[in-house]
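Structure record follows, encoded as structure tokens.
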Amino acid sequence: MFRIKSMDLATRTAFEDAFDKLWTLLDHDPEMGLFQEEGAAGGPFRMLIPERHAERVESLSPGDWKNCRDATERSWISIRRARSMADYGLKGPPD
Numbered sequence: 242m243f244r245i246k247s248m249d250l251a252t253r254t255a256f257e258d259a260f261d262k263l264w265t266l267l268d269h270d271p272e273m274g275l276f277q278e279e280g281a282a283g284g285p286f287r288m289l290i291p292e293r294h295a296e297r298v299e300s301l302s303p304g305d306w307k308n309c310r311d312a313t314e315r316s317w318i319s320i321r322r323a324r325s326m327a328d329y330g331l332k333g334p335p336d
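For the sequence shown, the working numbering begins at 242 and goes up steadily by one.
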């Protein structure tokens, strides 16, 4: 299962910075990842996270997180990840 949230540019930038700190604190846990839906160049940005540590990640940008049941049917851009897109079950640009 994945969780998704729409963010404006300022929120996204602050969230990515906080995510990087948490990801480093958790020793780049390979089950974690951060993805953006393709085609959102000007925003709003639809950000996707795997279920692993979702509660901690969501606390970095509280509110409006939803389950994303069709994540594997959409195309994503990798922002941060330790494994291939296919390992997460996601479609996106080639590694």
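Ideal placement from N, C-alpha and C gives every residue a C-beta, glycine not left out.
The residue among ARG287, ILE318, ASN308, PHE286 with its C-alpha nearest the C-alpha of ALA295 is ASN308.
The alpha carbon of LEU267 has as its nearest neighbour, out of ARG315, TRP317, ARG293, the alpha carbon of ARG293.
A direct Cα-Cα distance of roughly 14 Å separates LYS262 from ARG322. Using a 10 angstroms sphere on the CB of ARG310, the tally of other CB atoms stays under 16, which defines it as exposed. Per DSSP, the unbroken beta strand (DSSP E) holding GLU278 starts and ends at 274-278.
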